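S.K.: Starting off with a structure, shown below.
Numbering (the working numbering), first residue to last: 4 to 98.
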């Protein structure tokens with residue numbers, strides 16, 4: 004159980020950083036400097052990490068048997084910039 008929650012905690016942080024990279028570095032490079040390849044690269048990496056995040060979220064939820072409302076909080080927080088860093092302490096409590 005702790006292993007799946009630990010993996011989820013790790014991907015939670017990595018996915019959060021990739022989201023910030025996409026929003027605050029790649030998108031300004033595309034729109035301010037005319038370099039659309041930055042969004043393609045960062046977007047692909049973030050997309051893969053987000054899918055992995057969702058898969059590990061479901062696995063950690065099943066293994067640790069936390070409430071479904073916690074799943075909703077973790078998922079919605081992943082959609083908000085800096086949201087995954089807010090949930091980091093909640094995940095640590097389940098480890």
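Even glycine gets a Cβ: it sits at the ideal position worked out from N, Cα and C. Keep in mind it's a predicted model, so treat the numbers as computed, not measured.
According to DSSP, is residue 84 helix, strand or coil?
M.R.: Reduced to three states, the DSSP call for residue 84 is coil.
S.K.: Starting from the Cα of residue 9, find the closest Cα among 66, 78, 83 and 80 and give me that residue.
M.R.: Cα-wise, what sits closest to residue 9 is 66.
S.K.: For residue 39, which residues in the same chain have their Cβ closer than 6 Å to its Cβ, ignoring the five residues on either side in sequence?
M.R.: Excluding positions up to five away in sequence, the list reads 33.
S.K.: Could you pull out every residue in the same chain whose Cβ sits closer than 7 Å to the Cβ of residue 74, ignoring the five residues on either side in sequence?
M.R.: Closer than 7 Å at the Cβ level, and outside the excluded window around residue 74, lie 60 and 64.
S.K.: Quick one, which of 7, 15 and 6 has its alpha-carbon nearest residue 92's?
M.R.: For residue 92, the nearest C-alpha among the options comes from 15.
S.K.: Looking at the structure shown, is residue 66 part of a helix, part of a strand, or coil, going by DSSP?
M.R.: If DSSP states are grouped into helix, strand and coil, residue 66 belongs with the helices.
S.K.: For a minimum of 4 consecutive residues, which ranges assigned as the alpha helix (DSSP H) are wholly contained in the region 6-56?
M.R.: If we require 4 residues or more, the alpha helix (DSSP H) runs fully inside the region 6-56 come out as 30-36.
S.K.: According to DSSP, is residue 98 part of a helix, a strand, or is it coil?
M.R.: It is coil, neither helix nor strand.
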